[in-house]
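Asks: With positions in the sequence shown counted from 1, the corresponding number in the working numbering is that position plus 1.
Note that beta-carbon positions come from the ideal geometry of N, C-alpha and C, so glycine has one too.
Predicted, not measured: the structure shown is a model, and the values here were computed from it.
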Amino acid sequence: MLILMLSGYALFNPTRAQERKFLYSQLIDAINWTIASNKDKDNQYFGKVDNLNIAVFSRSCGGLQSLEIAPDPRVTTVVVCNSGILAKPCDGMPGMLSLSKDQLKKLDSPTLYLLGG
């Protein structure tokens, strides 16, 4: 998992599991790790992350990961790029999260949802 932290911000780019599964738990793990690192006085990231302003940003299949964890109360901003929920949730590629459009009703934080052609 690649984690880039700059000026109090953390950017996560979870890698895909070898089975090409796209796991929303990877984003949860990254958030948990960042919060713990921010509280650990022996960690190089101690005090450098604003734990009250956590954003998730993903594209393609990763966008579904962001949509899945958007209801987490720690997530304050969501960005989804070139991703979407399929009309038939199980019609995606193998390992892809299967979300229904009902997931969109759970969005309660500022969300930028971009689709391009």
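1. Touch check for the segment 59–67 and the segment 40–50: three-plus C-beta pairs under 8 Å?
2. Compute the Euclidean distance between the alpha carbons of V80 and I29, then round it to the nearest angstrom.
3. Contact check, N54 vs I36 under 8 Å by CB: the rounded distance?
4. Alpha carbon to alpha carbon, what distance is there between R75 and P111?
5. Beta carbon of I86, beta carbon of S67: below 8 Å?
6. Pick from N39, D41, K42, T78: whose alpha carbon is nearest that of F197?
7. Can you list, in chain order, the stretches of the beta strand (DSSP E) that have 3 or more residues and sit fully within the segment 18–99?
Replies: In short:
1. No, they do not touch.
2. 16 Å
3. No, N54 and I36 are not in contact; Cβ-Cβ is about 12 Å, not under 8 Å.
4. Roughly 13 Å separates the two Cα atoms.
5. no
6. Any property of residue 197 remains undetermined from this structure, which presents the chain solely from 2 to 118.
7. 55–60, 76–82
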